[in-house]
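In UniProt numbering, the protein residues as written are 1 to 269.
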């Protein structure tokens, strides 16, 4: 059995960060391999095909099980052609192709919110970078495996200020209150009424970067600090947290895989 994933590339690394870690395709492929849970049969294979939506590359969506939308240095609220087209594309696929799972990471999280009735805005110039504790809602604890909180790499200063219609909040931080969301296959589902299992998830987003490692985050921070894009106070706040353990692979990755295979493949007993 094969799970087919289309990676919608919205940005990329540059300079030393790219030289040492590869491009977004390399990073996401490594992440998906490293986070593949033992609970899923190894008879399941996956393919990951890249599409650079900045240059109008798009998949034939019916050929895929999952659309995964990457991060970007761009802002999801910008009124530019490729972002506007991506927003329209997401809205169409979500509304017309319920069998296709949608995953959004950082910019992907933000542009999904914009596409589906929410918004993305600048966060008053405040960066959120490096290992950051995510405080989970009751639904988030169930979704991620009953953890009170976990830690994930961050790299953003835009955010989603409120939960869009038909989405449910998974977690928050003091800097950005909407750190992850799900939309169920039946958008009118009330998960509080089902305490045994979660309803089928259609869309899953995370503001943080589960695919980023410490070397990737550090390289980006050095670049942005050197250009003046990131202020010294933000960098100084990050330094003591730099090497904190993160849970992008074991907690977020497992949940992401659960969403991607949910309803498509049977797990072994």
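Quick reminder that beta carbons are idealized off the backbone N, C-alpha and C, glycines included.
*With a CB to CB cut of under 7 Å and the five nearest residues on each side skipped, what residues in its chain are close to residue 187?*
By one-based count along the chain shown, residue 187 stands at place 187. Correct list, in chain order: 166.
_Suppose you measure from the CA of residue 99 to the CA of residue 260; what does that come to, to the nearest Å?_
On the chain shown, position 99 is the one that residue 99 refers to. On the chain shown, position 260 is the one that residue 260 refers to. Straight through space, the alpha carbons of residue 260 and residue 99 are spaced by roughly 11 Å.
*Excluding five sequence neighbours on each side, which residues of the same chain lie with their C-beta closer than 8 Å to the C-beta of residue 215?*
Taking the first residue of the chain shown as position 1, residue 215 is located at position 215. Hits under 8 Å: 20, 21.
*Would you mind working out which of 206, 36, 145 sits nearest residue 155, comparing C-alpha positions?*
By 1-based counting over the chain shown, the position of residue 155 is 155. For the options 206, 36, 145, the alpha carbon positioned closest to that of residue 155 is the one of 206.
_Using only the alpha-carbon positions, how far apart do residue 234 and residue 223 sit?_
By 1-based counting over the chain shown, the position of residue 234 is 234. By 1-based counting over the chain shown, the position of residue 223 is 223. Rounded to the nearest whole angstrom, the CA to CA distance from residue 234 to residue 223 is 14 Å.
*Which class does residue 109 belong to by DSSP, given the choice of helix, strand or coil?*
One-based indexing of the chain shown puts residue 109 at position 109. Here residue 109 sits in helix by DSSP.
_With a threshold of 6 Å on Cβ separation, who are the neighbours of residue 121 within its own chain once the five nearest residues in sequence on each side are excluded?_
Looking up residue 121 in the chain shown gives position 121. Cβ within range, chain order: 161.
*asked:* Short of 7 Å in beta carbon distance, which residues of its chain neighbour residue 115, apart from the five on each side in sequence? Order them along the chain.
replied: If you number the chain shown from 1, residue 115 lands on position 115. Only 87, 90, 91 meet the Cβ criterion.
*So, is the C-beta of residue 72 closer than 8 Å to a C-beta in chain D?*
The structure shown has no chain D; it contains just one protein chain.
*asked:* With H, G and I counted as helix, E and B as strand and the rest as coil, what does DSSP make of residue 15?
replied: What you label residue 15 is simply residue 15 of the chain shown in a count that begins at 1. The answer is helix: DSSP assigns residue 15 an H, G or I state.
_Runs of alpha helix (DSSP H) lying entirely within the UniProt domain "Glutamine amidotransferase" (25–182), each at least 4 residues, in chain order_ = Assignment of alpha helix (DSSP H) within the UniProt domain "Glutamine amidotransferase" (25–182), counting only whole runs of 4 or more residues, yields 81–96, 107–115, 138–144 in chain order.
*Based on the DSSP secondary-structure assignment, which residues constitute the bridge partners of residue 286?*
One cannot answer for residue 286 here, as it falls past the ends of the chain, which runs 1 to 269.
*Report all residues from its chain with a CB closer than 8 Å to the CB of residue 51; omit the five preceding and five following residues, and keep chain order.*
As a first step, residue 51 must be located in the chain shown, where it is residue number 51. Cβ neighbours of residue 51 beyond the five flanking positions: 6, 7, 8, 9, 57, 58, 59.
*Near residue 24, what residues of its chain come up, given a Cβ to Cβ distance below 6 Å and the 5 sequence neighbours on each side ignored?*
For the purposes of this step, residue 24 is identified with residue 24 of the chain shown, where counting begins at 1. By the criterion of a C-beta distance shorter than 6 Å, residue 24 is surrounded in its chain by 9, 12, 70, once the five residues flanking it on both sides are discounted.
*For the beta strand (DSSP E) containing residue 2, list its first residue and its last residue.*
Numbered from 1 along the chain shown, position 2 holds the residue referred to as residue 2. Counted as a single uninterrupted DSSP element, the beta strand (DSSP E) harbouring residue 2 occupies residues 2–9.
*Are at least three pairs of beta-carbons, each pair with one atom in the region 240–254 and one in the region 32–46, less than 8 Å apart?*
Yes, since at least three Cβ pairs between the region 240–254 and the region 32–46 fall closer than 8 Å, the two stretches touch.
*Taking buried to mean at least 16 other C-beta atoms within 10 Å of its own C-beta, is residue 268 buried or exposed?*
As a working note, residue 268 is residue 268 in the chain shown. The pLDDT assigned to residue 268 is 40, lower than 50, so where the model puts this residue is not dependable; a value taken from the coordinates is nonetheless given after this. Exposed, by the Cβ-count rule.
*By the 10 Å Cβ neighbour count, where 16 or more other Cβ atoms means buried, how is residue 132 classified, buried or exposed?*
Position 132 of the chain shown holds residue 132. It is buried - the Cβ of residue 132 has at least 16 other Cβ atoms within 10 Å.
*Is it true that the CB of residue 76 sits closer than 8 Å to the CB of residue 83?*
Position 83 of the chain shown, counted from the first residue, corresponds to residue 83. Position 76 of the chain shown, counted from the first residue, corresponds to residue 76. Closer than 8 Å, so yes.
_Just to confirm, is the Cβ distance from residue 185 to residue 202 under 8 Å?_
Here residue 185 is taken as the residue at index 185 of the chain shown, counted from 1. Here residue 202 is taken as the residue at index 202 of the chain shown, counted from 1. Yes, these two residues count as a Cβ contact at 8 Å.
*residue 209 bridges to which residues according to DSSP?*
By one-based count along the chain shown, residue 209 stands at place 209. Its beta-bridge partners are 153.
*How long is the line joining the alpha carbons of residue 78 and residue 142, rounded to whole angstroms?*
On the chain shown, position 78 is the one that residue 78 refers to. On the chain shown, position 142 is the one that residue 142 refers to. Each residue's alpha carbon lies about 34 Å from the other.
_Assuming residue 152 and residue 134 are in contact, meaning their beta carbons sit under 8 Å apart, how far apart are those beta carbons, in whole angstroms?_
Start at 1 with the first residue of the chain shown, and residue 152 comes out as number 152. Start at 1 with the first residue of the chain shown, and residue 134 comes out as number 134. The beta carbons of residue 152 and residue 134 sit about 6 Å from each other, so the pair counts as a contact at 8 Å.
*For residue 244, collect the residues of the same chain with a Cβ closer than 7 Å to its Cβ; drop the 5 residues on either side in sequence, then sort them by chain order.*
Within the chain shown, numbered from 1, the residue matching residue 244 stands at position 244. Taking residue 244 as the centre and dropping the five residues before and after it, the same chain places the C-beta of 131, 151 closer than 7 Å to its C-beta, in chain order.
*asked:* On the CB-based measure, 16 or more other CB atoms within 10 Å of its CB, does residue 96 come out buried or exposed?
replied: For the purposes of this step, residue 96 is taken as residue 96 along the chain shown, with counting starting at 1. Residue 96 comes out exposed.
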